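Have a look at the structure below before the remarks.
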RNA sequence: GCGGAUAUGGCGGAACUGGCAGACGCGCUAGAUUCAGGUUCUAGUGAAGAUUCCUUCAUGCAGGUUCGAUUCCUGUUAUCCGCACCA
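Residue numbers (our numbering): 53 to 853.
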């Protein structure tokens, strides 16, 4: 029979809470460890097995650190602003506040039932005034430092959600939330100037311990490229067209220019253009396409020649035609390019279609067939001819351009400024007042928080206005600067806002004077280890690193980077091997597992099911295996002897297990740690009894994974105190060494026998023993040994003829 | 197209810096317990051939380096993830 997990788990959850053993102490005298997991969005569906996996990893580390004597901060909170809650409110008429509170209560209950060792005295809810007051405060600081600006732009607009979305939120031309098609719309948008921090965010990566692929993804996201800005004279406009290129070395090969259809230079000089009506028609066509279509339907290049004008190549002096085409984007570089058809495939396709010259300037490819992007000697390039290296040619060209005033070295980033407003109710109000006399005026700091007004109607306005626009008492106010009548901004912040600084608040969650005191930040910052999903390593992490770095620059946090270390767990797939989703009906509810088998079994299985960093499918059978394992652990109670040292036959294995499990817990290898414990348990069963010392070690090692059952057994057998705060195990390196080694013997690299030798035997002794082995002896008989290889303690190999 | 990763039994996965491939678990087979189902226990379990020793083949595919390769190198295929006309 199994053990009574229901009673035991409840009992220990209550005891831990009553004793406050997981409460972090703000005590600078103690060595600290700050373990952070991504706080959940409290959805109506309740917890997902993915949450359990995400938290179980650092849960093990946090519990181990406590046992090692660290003062551990392992906090949890709720990232509760956001669309799903608001949409639910719209559908049901229940206020988002109530929906959020209910969901948080459910999540809290479920998290507690999983037995996580969170510090429940530091819980954060991003939708609480005492929290979002500081989100607004940081926003105003950014405003004060010129990092907030407003611009009228074409934006991604979701007609279904009636909100403007950032590029990040509208990838693939579909709304991130409702998956309807995005359309382009002109809107006033609030931006955070994250691009000003591009280099700092890049440099910051040099000193942090993120998994290499996480670092790489952030580097690619920021997308720094170096090249040059080049100015092309357009005589008819009396103006220079500025382009950005990463290949200034190919400048002699430029045979045409392409501008993005929206390029404003066209409007300024429409009188000089003889076919402006054609241009307008093309523009109208492009406006219908979403950015997604523009990139997807790019197989066939389209465009219109700008008639009546030409540009001048600044190095060759040649007159070249100008086109508009939607393969050039307004949002990157200068919105115009110099086209080098011989060495850029996109330009090549365009040139072929429009019958434009293709001039080879780098030897090595066959430009009759396709563009050549490789390296080679320069030709047809005036002063660059004969130059063999790309970097040398680029350098020469840039100094030439600089000298002539025709261009200069430049840097571009793929990362764009962060569109920071939503036309929604359930978010932090943007604390800005629009005054007809003073313009944009920040709400004074002492008036924070700017509270979200209570409303009954959460429907967005028809033209995409925020629901707040309908609340007259909120909108109408007086200007803090001139005292005249003014109107409040009615947009709210995006969901990313609250999560951009929450890890700082955990250090000092109840402070009503500051977002967190410098003293406490000095102690707790940075986060020592941050674990979360791979899907958050670009957006959330870059946004939060940006906010943190800004706070550092204005002297509000003590260090540059918020996270010292970052790891990411793999997805749990459905039993069918597909990603879990409601539509597929393959979602596993963790609460059912807790009800049926207990939290210890659930946690053990999730950590055992495979490589923590990789995706693995759920298996009901696998859960049973872990249930069986813990039941077998429970049976140790009946096998206990009075002896209080390791038995001789197990001594080495115990020391090895302590070492292996301790190391594996540090490197996300929970699956092999648990496998080691399973193997050790099998060895104990083979022996038929367990000593007190053996059981004490076994329970300690297993505790971070299965805390309830181990705590109960600890108490039952009178080991003293609470296991959660008992010291971690130590091992003796000398005891790990076996007195005899089993050494494989190979002949020509093939395993032929295994011999047993003393651990301290020297090379000759081992080789002699190997030769004496009956099987080896018969195979060596009559052959010549060409070479004898002995890898100490590992293997012997005879090469024979 | 670019960038990152992965590929090992029927399944999830082990294998340290190049040194006994398949730890641990699931599943399966046989037996014991049981009225039966479930549970539990014992033994076996990569494939093929020999069934008393064993032998050969096996880590996506094709080569290479090496006494020796899942591990290193070259090429190739497939899958997953991220970015995508980035100038």
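By construction, the Cβ of each residue, glycine as well, lies at the ideal position given by its N, Cα and C atoms. Predicted, not measured: the structure shown is a model, and the values here were computed from it.
Residue 349 to residue 396 span [Cα, whole Å]: Against the first chain, residue 349 aligns to sequence position 297. Against the first chain, residue 396 aligns to sequence position 344. Interpretation of residue 349 is limited by its pLDDT of 45, a score under 50 that renders its predicted location unreliable; the figure taken from the coordinates is listed afterwards. Approximately 19 Å, taken between the alpha carbons.
Cβ-based neighbour list, residue 720, same chain, cut-off 7 Å, excluding 5 preceding and 5 following: The count along the first chain starts at 1 and reaches residue 720 at position 668. Closer than 7 Å at the Cβ level, and outside the excluded window around residue 720, lie 109, 619, 664 and 665.
Host alpha helix (DSSP H) of residue 826 (start-end): As a working note, residue 826 is residue 774 in the first chain. If you look at residue 826, you'll find it in the alpha helix (DSSP H) that goes 826 to 832.
Which listed residue (357, 851, 212 and 271) has its alpha carbon closest to that of residue 467: As a first step, residue 467 is located in the first chain; it is residue number 415 there, counting from the start. Of the listed residues, the one whose Cα sits closest to residue 467 is 271.
For residue 735, three-class secondary structure by DSSP: Walking along the first chain from the start, residue 735 turns up at place 683. In the displayed model, residue 735 falls within a helix according to three-state DSSP.
Element boundaries [alpha helix (DSSP H), containing residue 449]: Against the first chain, residue 449 aligns to sequence position 397. DSSP places residue 449 inside the alpha helix (DSSP H), whose first and last residues are 442 to 456.
Given 8 Å, three or more beta-carbon pairs between the region 460 to 477 and the region 275 to 291: Touching, yes, given that three or more Cβ pairs across the two stretches are closer than 8 Å.
Residue 713 (DSSP reduced to helix, strand or coil): Mapped onto the first chain, residue 713 falls at position 661. It is helical.
Unbroken stretches of the alpha helix (DSSP H), 4 residues or longer, contained in the region 240 to 313: DSSP runs (the alpha helix (DSSP H)) wholly in the region 240 to 313: 250 to 256 and 264 to 274.
DSSP bridge partner residues for residue 481 (one or two, in chain order): One-based indexing of the first chain puts residue 481 at position 429. Residue pairing of residue 481 in beta bridges, as defined by DSSP: 544.
Identity of the residue in 82, 92, 55 and 64 nearest residue 548 by Cα: Here residue 548 corresponds to residue number 496 of the first chain, with the count starting at 1. For residue 548, the closest of 82, 92, 55 and 64 by C-alpha to C-alpha distance is 92.
Residue 606 classed as buried or exposed, judged by whether at least 16 other C-beta atoms fall within 10 angstroms: Here residue 606 corresponds to residue number 554 of the first chain, with the count starting at 1. Result: exposed.
Anticipated Cβ contact below 8 Å, residue 244 with residue 274, distance rounded: Reading the first chain from its first residue, position 192 is the one you call residue 244. Reading the first chain from its first residue, position 222 is the one you call residue 274. Residue 244 to residue 274, Cβ: 15 Å. No contact.
Bridge-paired residues (DSSP) for residue 841: Here the question's residue 841 lines up with position 789 in the first chain. In the DSSP assignment, the residues bridged to residue 841 are 849.
Reduced DSSP secondary structure (H/G/I, E/B, other) of residue 350: As a first step, residue 350 is located in the first chain; it is residue number 298 there, counting from the start. Because residue 350 sits at a pLDDT of 48, beneath the cut-off of 50, its placement in the model cannot be relied upon, and the following sentence gives the value as read from the coordinates. DSSP places residue 350 in helix when its eight states are reduced to three.
Nonlocal neighbours in the same chain, by C-beta distance under 6 Å from residue 173, ignoring five residues either side: As a first step, residue 173 must be located in the first chain, where it is residue number 121. Beyond the five residues adjoining it in sequence on each side, residue 173 comes within less than 6 Å, by CB distance, of 75 in the same chain, given in chain order.
Cβ pair residue 312, residue 385 closer than 7 Å: Counting from 1 along the first chain, the entry for residue 312 is found at position 260. Counting from 1 along the first chain, the entry for residue 385 is found at position 333. The Cβ-Cβ distance between residue 312 and residue 385 does not fall below 7 Å.
Three-state secondary structure assigned by DSSP to residue 535: Residue mapping note: residue 535 aligns to position 483 of the first chain, counting from 1. Residue 535: coil per DSSP, three-state reduction.
Beta-carbon contacts of residue 292 that lie in its chain and below 8 Å, excluding the five residues immediately before and after: Along the first chain, read from residue 1 onward, the residue named residue 292 stands at position 240. Within the same chain, Cβ atoms closer than 8 Å to the Cβ of residue 292 are found at 283, 284, 285 and 286, the five residues on either side in sequence being excluded.
According to DSSP, residues forming a beta bridge with residue 203: Along the first chain, read from residue 1 onward, the residue named residue 203 stands at position 151. In DSSP, residue 203 forms a bridge with 241.
Rounded distance between the beta-carbons of residue 756 and residue 104, thought under 8 Å: Start at 1 with the first residue of the first chain, and residue 104 comes out as number 52. Start at 1 with the first residue of the first chain, and residue 756 comes out as number 704. Not a contact, Cβ separation roughly 14 Å.
Segment contact, 8 Å Cβ cut-off, at least three pairs: the region 500 to 517 with the region 559 to 568: Contact between the region 500 to 517 and the region 559 to 568 is absent, because fewer than three Cβ pairs lie under 8 Å.
Where the beta strand (DSSP E) containing residue 67 begins and where it ends: As a first step, residue 67 is located in the first chain; it is residue number 15 there, counting from the start. In the DSSP assignment, residue 67 falls outside any beta strand (DSSP E) and within the unbroken alpha helix (DSSP H) covering 57 to 71.
Supposed contact pair residue 847 and residue 816 - C-beta distance, whole angstroms, cut 8 Å: Translated into positions along the first chain, residue 816 becomes position 764. Translated into positions along the first chain, residue 847 becomes position 795. With a Cβ gap of about 16 Å, residue 816 and residue 847 do not count as contacting.
Cα-Cα separation, residue 56 to residue 212: As a working note, residue 56 is residue 4 in the first chain. As a working note, residue 212 is residue 160 in the first chain. Rounded to the nearest angstrom, the two C-alpha atoms are 51 Å apart.
Nearest-angstrom Cα separation, counted from residue 68 out to residue 123: Taking the first chain and counting its residues from 1, the one referred to as residue 123 is at position 71. Taking the first chain and counting its residues from 1, the one referred to as residue 68 is at position 16. Rounded to the nearest angstrom, the two C-alpha atoms are 16 Å apart.
Nearest candidate by alpha-carbon position, reference residue 777, set 101, 115 and 725: Your numbering for residue 777 matches position 725 in the first chain. It is 115.
Sub-7 Å separation of residue 810 and residue 792 beta-carbons: Your numbering for residue 810 matches position 758 in the first chain. Your numbering for residue 792 matches position 740 in the first chain. Yes, these two residues count as a Cβ contact at 7 Å.
Limits of the beta strand (DSSP E) - the one that residue 798 falls within: Numbered from 1 along the first chain, position 746 holds the residue referred to as residue 798. Residues 792 to 799.
Touching by the beta-carbon criterion (3+ pairs, under 8 Å), the region 166 to 181 and the region 121 to 136: A contact exists between the region 166 to 181 and the region 121 to 136.
DSSP state of residue 112 mapped onto helix, strand, coil: Translated into positions along the first chain, residue 112 becomes position 60. Residue 112 falls in the helix class under three-state DSSP.
Exposed unless 16 or more other CB atoms sit within 10 angstroms - verdict on residue 148: Taking the first residue of the first chain as position 1, residue 148 is located at position 96. By the neighbour-count definition (other C-beta atoms within 10 Å, threshold 16), residue 148 is a buried residue.
Integer Cβ distance of residue 668 from residue 661, believed to fall under 8 Å: The residue you call residue 668 lines up with position 616 of the first chain. The residue you call residue 661 lines up with position 609 of the first chain. The beta carbons of residue 668 and residue 661 sit about 5 Å from each other, so the pair counts as a contact at 8 Å.
Opening and closing residue of the beta strand (DSSP E) in which residue 465 lies: Along the first chain, read from residue 1 onward, the residue named residue 465 stands at position 413. Run containing residue 465: 459 to 465, per the beta strand (DSSP E) assignment.
Proximity of residue 438 and residue 428 at Cβ, strictly below 7 Å: One-based indexing of the first chain puts residue 438 at position 386. One-based indexing of the first chain puts residue 428 at position 376. By the CB criterion at 7 Å, residue 438 and residue 428 fall outside the cutoff.
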